[in-house]
Amino acid sequence: MKLLYAAVGAIAAFQALPVAASTDTAAGNIPLKSVNLVPKPGAITLDMALNTASLRLGRDSEYLVTPVIVSADGRDSVEFAPVLVAGRNFYYLHLRRNDLDGTRMVRPGDAPVPYTSTVEREPWMTDATVRVNTILYGCCSSIDGEYSTPVARIEPVTYTPKFEYVTPDADSVKVFQLAGSAFINFPVNRTELYPDYMSNPAELRKITGTIDSIKGDTDITITSLMIKGFASPEGSYANNERLAKGRTATLRQYVEKLNDFPAGFIATDYMPEDWPGLRAYVASSTLPDRGAILDLIDSDMEPDAKDRKLRADFPASYAFLLREVYPSLRHSDYVITYNVRSYTSVDEILSVMHTAPQKLSAAEFYRAARSLENGSEEYNRVIETAVASHPNDAVCNLNAANAAMSRGDLDTARRYLDRAGQNAEAEYARGVLAALNTDYTGALAYFRHASSLGYVPATAALTQIEQLVTNPDGVVTLLTD
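In case it helps, our numbering puts the sequence shown at residues 80 to 560.
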C-alpha cells in the first residue's frame, strides 16, 4: 500500500507556499493535505494535516505515523513528533494504560487533524529528505503493514564554477626580443676595442652568444639588432659623449664583422652620461647623503656642474660611487629582434614546447591546449608553460588562473589574476575566485560588473550566487507520486 499526498508546499526565500488539499483516499492509508516544510537557520518545521475522514480503520487496529528527516547518505536521521491514529478499542486501551509517553493520539474523524512539529537544525539537513513512516498495527500488536513515503526534499543551493578559458589573438607575425647588457672594457679615454682586454672575452660572448643561440635556428629570422652605449658621469660631458659614441660605433663594427651582418643592419644609440643609472643606485642605497644627492641628480643643473658639485659637496660618497658604481654605468645594452615561423600542427607545437617554449606564441600554446582534455595534467602543463613564456600576457595569466582554480590552487590563481587585465573575462574569473573562497559579496560585485559589460557567463553565475545567498539553508522540492 502507498500513502496518498495531495501536495507538498515548496519554500522560496524561506516562505511556505500554500497548496490545495487532497480529497483522494485509499483503504488502509492515511491521506495527507497541506504539507509544508520550512527550513530556517536553527530549526525545521513540518506542517500538515492528517485527513482521516474516510480512513477504514478497525477497532483493533492503529496507525503510528512518524515523519522523519533523513540525510542524503542515510547515516543521520531525526524523527519529528509521532502521531497515533487509533481504532476504538486501541484508543481506550491506551487511555487506561497511559502508555503513550507523550505520543499524540487521535481517532479517525471528519475534520482534518492539524499537525505541526519542529526539530533542531543540523548541518547535514541542508541535503536531506523528509519521509512519513507509517506502521499499521493489528490485534495483539501484530504489524500488518509498514510504509515509508518521501514527501519533500531539502536541496542545498550550491555554486558550481564554470571556468571560461579565453582564446588569445592569433599572431600574424611572431616578433620576439632578447636583451642584455655587456660591460666592455676600453683603455682610458680611448675608443679602440680589444677583444682580449681584461674581461672583454666574457663580456663580448654575452652579445655574440645571444646572437649565436638563435642565428642557427632555421625557424628564426633576425630582423634587427640595437646597441646602445653608456658612459659614466665623471669628467667632461663633451668627452663622455665622444667616448660613448665612439665606443658604440667600434662595438657595432666588431659584431657586424663577426656575424657577417650587412653594413647598417645594426642600429646604434648612445647616452653620454648614465645619470638615470646612477640615480637608480642611489635611490636604493643607504648612503648617508642619499636624499641630498638625489636632489642634486634631479636638479636641472648642467651635467658638468652637477658632477663638480657632487664631487665637492659629498667627497666621501663620491669616492665610493666612483669606485663601486661608476664602472657599472659604462655598459653597452643590446636588443635583438627576431621573427619565429608559425607552427600549425599540434604535435609540432607540443614538441617545441618541451625544447624551446620561448618560440611559441600565446595562440599556439592555446591551440595545443584545446586538443587535450580540459583540466588534465598535460592540459595544465601547457597552460602553465604558456604563462611562464609570456608572463606579462593578460590572456595567458587569465587562462593560468582558470587552470589553478580548477585544481583548487586558489592562492596561485589570485597571483595570476593580478596580471589578467580589467576586461569582462578577467572580472568574471575574479568573481569565480571570490565564490570559491566563499566571499559571496565580492563574487556578486565582480559578476555584476562583468554582466554589465555584456559577458553572458557572468549573468548565469550571478543568478547562482544570488540564489545561494538568498537560500543558505536550502530550498524545499515537492515530491509527489
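Here a beta-carbon is modelled for each residue, glycine too, at the ideal position from N, C-alpha and C.
Cβ-based burial, residue i [other Cβ within 10 Å; buried from 16]
i    : result
F265 : buried
P97  : Summary for P97: the model assigns pLDDT 31, below 50, so the residue's position carries little reliability, and this model does not support an answer.
A529 : buried
C475 : buried
S378 : exposed
Y625 : With the chain covering only 80 through 560, there is no way to say anything about residue 625.
A395 : exposed
N318 : exposed
R176 : exposed
T365 : exposed
V361 : buried
S140 : buried
H410 : buried
T549 : exposed
P110 : buried
R326 : buried
G188 : exposed
A447 : buried
G553 : buried
Y349 : buried
A522 : buried
Residue interval of the alpha helix (DSSP H) (run including residue i)
i    : result
E243 : Segment: none, E243 is in no alpha helix (DSSP H) and carries neither H nor E.
Q501 : No alpha helix (DSSP H) holds Q501; DSSP gives it neither H nor E.
V461 : 456-468
I293 : 279-294
N430 : Residue identity differs from the one stated: residue 430 is Ser in this sequence, not Asn. First-last of the alpha helix (DSSP H) with S430: 425-434.
L373 : 369-377
K385 : 382-392
T520 : 519-531
V474 : 473-485
F444 : 441-449
N168 : 167-176
Opposing strand residues paired with residue i [DSSP bridges]
i    : result
I301 : Y417
M350 : F309
N212 : T145, S227
P551 : According to DSSP, which records beta bridges pairwise, P551 is partnered with nothing at all.
T556 : R232
A122 : E199
V192 : L129
S150 : A207
I345 : L304
Start and end residues, beta strand (DSSP E) containing residue i
i    : result
N319 : First-last for N319: 316-338, but that is the alpha helix (DSSP H), not the beta strand (DSSP E).
F255 : 253-261
R183 : 183-185
Three-state secondary structure (DSSP) of residue i
i    : result
V98  : Annotation note: pLDDT 32 at V98 (below 50); position unreliable, coordinate value reported separately. Looking at V98 - three-state DSSP - the assignment turns out to be coil, as it is neither helix nor strand.
E158 : strand
Y495 : helix
L129 : strand
N115 : strand
V535 : helix
A207 : strand
L163 : strand
P355 : helix
S411 : strand
I222 : strand
S396 : helix
I544 : helix
P274 : coil
T237 : coil
D642 : Nothing can be reported for residue 642, as the shown portion of the chain is limited to 80 through 560.
R138 : coil
P110 : coil
V404 : coil
G510 : helix
Check whether residue i and residue j have beta carbons under 8 angstroms apart
i    : j    : result
P120 : R200 : yes
I306 : L330 : yes
F262 : E282 : yes
V147 : V164 : no
R210 : S227 : yes
G166 : G137 : yes
I428 : E443 : yes
A480 : Y458 : no
G500 : A473 : yes
D353 : S260 : no
S315 : T416 : no
Within-8 angstroms CB hit, residue i to chain D
i    : result
Y276 : Chain labels in this structure do not include chain D; a single protein chain is all it has.
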